[in-house]
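One structure below.
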Amino acid sequence: MYAERASRLPGAIVWSRVPGPPAPAPGPETGREESGTDAWGAGPGEAFAAPFAPVLPDGCMDLLWTEGRLLVAGPDTGPYVPDEVPSAGWAGVRFFPGTAPTYLGVPADELRDRRVELTDLWPASEVRRLTARIDTAADPVTALEEVALRRAADSEQPDPVLLEVVAALDEGRPVARTADELGLGARQLHRRSLTAFGYGPKTLARVLRLQRALVLARDGVPFAETALRAGFADQAHLARDVRELAGSTLGELVGLR
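First residue of the sequence shown? That's -6 in the numbering used here, and the numbers climb one at a time after it.
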């Protein structure tokens, strides 16, 4: 079971995932890309359900906790499917795009498509102390959020220019226009994007566009309309990007969490 809420850290999301029964196969969805299959990819009459929904690229990095461990999830360029949910479950703080490298003290591109122990980034004694505090907290999710809040309070503020990059690309503005409006050269924007987001601005724009499409499709917007409203050329363009970034079809992703 997955749950999330807005964090007290601006722009961040606090989430938790605990073991639960497999999700039932959902019913028909408007605008399905493939006839004859349900949204999980099962054929007619089959009751197949995926045990764990994939974590999809979103431009973010996460601070993760499970009992006895603190980790960092770097920015993804493809789907990440956890092989299990520990008995204690997972808790996470998902930082707003471009902010985690400042708070965690590591360039995003060094962690691209990786999950690493926090002891690889911070002093082991500090990580042991924080882990023990969260392990014994009445509410580990809130305790993890407190770690993120204190770390952010002790860090420099994220570069506001990079936050403007996120806002511009999330509005669907072209990368070249965004760079011009912010007074950045193409190489400078690419270099700063690697450090902040883990990949260049064109990849970030694709990832943010994918996330816009998922929100629309999960709200029941037909896929053809979703494609146009999210900024794709057409539904075929949407289908290609979903396949490349999520390793699946939009129909298989709708309703998954």
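Note that CB positions come from ideal geometry on N, CA and C, so glycine has one too.
### Query
When the Cα atoms are used, what is the spatial distance from V252 to D69?
Since the first residue of the chain shown is -6 and the last is 250, residue 252 is not available in this structure.
### Message
Please state the DSSP three-state secondary structure of D163.
### Response
Position 170 of the sequence shown, counted from the first residue, corresponds to residue 163. If DSSP states are grouped into helix, strand and coil, D163 belongs with the helices.
### Message
Could you give the first and the last residue of the continuous alpha helix (DSSP H) run that contains E119?
### Response
By 1-based counting over the sequence shown, the position of residue 119 is 126. E119 -> alpha helix (DSSP H) spans 117 to 128.
### Touch test, the stretch 79 to 92 against the stretch -1 to 8, Cβ-Cβ under 8 angstroms, three pairs minimum
Counting Cβ pairs under 8 angstroms, three or more are found: they touch.
### Query
Should A226 go down as buried or exposed, given a rule of 16 or more other Cβ atoms within 10 Å for buried?
Here the question's residue 226 lines up with position 233 in the sequence shown. By the 10 Å Cβ count, A226 comes out exposed.
### Message
Between the alpha carbons of A35 and E(-3), how many angstroms are there, rounded?
### Response
As a working mapping, residue 35 is identified with position 42 in the sequence shown. As a working mapping, residue -3 is identified with position 4 in the sequence shown. Caution applies to A35, whose pLDDT of 30 falls short of 50 and renders its modelled position unreliable; the model cannot decide the point.
### Query
When you compare only the Cα positions, how much space is there between R180 and V99?
Residue 180 sits at position 187 when you count from the first residue of the sequence shown. Residue 99 sits at position 106 when you count from the first residue of the sequence shown. Whole-angstrom Cα-Cα distance: 21 angstroms.
### Message
What does the alpha-carbon distance come out to for the pair P194 and R170?
### Response
Position 201 of the sequence shown, counting from 1, holds the residue named residue 194. Position 177 of the sequence shown, counting from 1, holds the residue named residue 170. CA-to-CA, the gap between P194 and R170 works out to about 12 angstroms.
### Helix, strand or coil at A206 according to DSSP, with G and I counted as helix
Taking the first residue of the sequence shown as 1, we reach residue 206 at position 213. Helix, per DSSP.
### Task
With A93 as the anchor, note down where its alpha helix (DSSP H) starts and where it stops.
Your numbering for residue 93 matches position 100 in the sequence shown. Start and end: 93 to 97.
### Message
Is it buried or exposed, A40, if we count other Cβ atoms within 10 angstroms and call 16 or more buried?
### Response
For the purposes of this step, residue 40 is taken as the residue at position 47 of the sequence shown. The predicted model places A40 with a pLDDT of 28, which falls under 50 and marks its position as unreliable, so this point remains unresolved.
### Query
Is there contact between the stretch 216 to 230 and the stretch 139 to 155, where contact requires at least three CB pairs shorter than 8 angstroms?
Counting Cβ pairs under 8 angstroms, fewer than three are found: no touch.
### Query
For E149, which option in H183, M54, Y96 has the closest C-alpha, if you only look at C-alpha atoms?
Locating residue 149 in the sequence shown gives position 156, where the first residue counts as 1. When each option's Cα is compared against that of E149, the closest is Y96.
### Message
Helix, strand or coil, according to DSSP, for R242 in the structure here?
### Response
What you label residue 242 is simply residue 249 of the sequence shown in a count that begins at 1. Looking at the sequence provided, one finds Thr at residue 242 rather than Arg. Coil at T242, not helix or strand.
### Task
Please name the residue or residues paired with V134 in a DSSP beta bridge.
Within the sequence shown, numbered from 1, the residue matching residue 134 stands at position 141. DSSP output for V134 lists no bridge partner at all.
### Task
Whole angstroms is fine: what's the gap from G52's alpha carbon to L209's?
Here residue 52 is taken as the residue at index 59 of the sequence shown, counted from 1. Here residue 209 is taken as the residue at index 216 of the sequence shown, counted from 1. Taken atom to atom, the span from the alpha-carbon of G52 to that of L209 is near 18 angstroms.
### Query
So, using beta-carbon positions, are P12 and V78 closer together than 8 angstroms?
As a working mapping, residue 12 is identified with position 19 in the sequence shown. As a working mapping, residue 78 is identified with position 85 in the sequence shown. Contact: yes.
#### Entry: Opening and closing residue of the beta strand (DSSP E) in which A(-4) lies
Against the sequence shown, residue -4 aligns to sequence position 3. First-last of the beta strand (DSSP E) with A(-4): -5 to -1.
### Query
Is DSSP giving A84 helix, strand or coil here?
Looking up residue 84 in the sequence shown gives position 91. Looking at A84 - three-state DSSP - the assignment turns out to be strand.
### Query
For Y66, which of R236, S80, L114, A46 has the nearest alpha-carbon?
Residue 66 sits at position 73 when you count from the first residue of the sequence shown. According to the sequence as given, residue 66 is Ala; it is not Tyr. Looking at the Cα atoms, L114 is the closest of the given residues.
### Task
Specify, as a first and last residue, the run of the alpha helix (DSSP H) that V168 falls within.
As a first step, residue 168 must be located in the sequence shown, where it is residue number 175. Here the alpha helix (DSSP H) through V168 covers 168 to 174.
### Message
For P116, count the other beta carbons within 10 Å of its own beta carbon; 16 or more makes it buried, fewer makes it exposed. Which is it?
### Response
Position 123 of the sequence shown holds residue 116. Under the 10 Å beta carbon count, P116 is surrounded by fewer than 16 other beta carbons and is classified as exposed.
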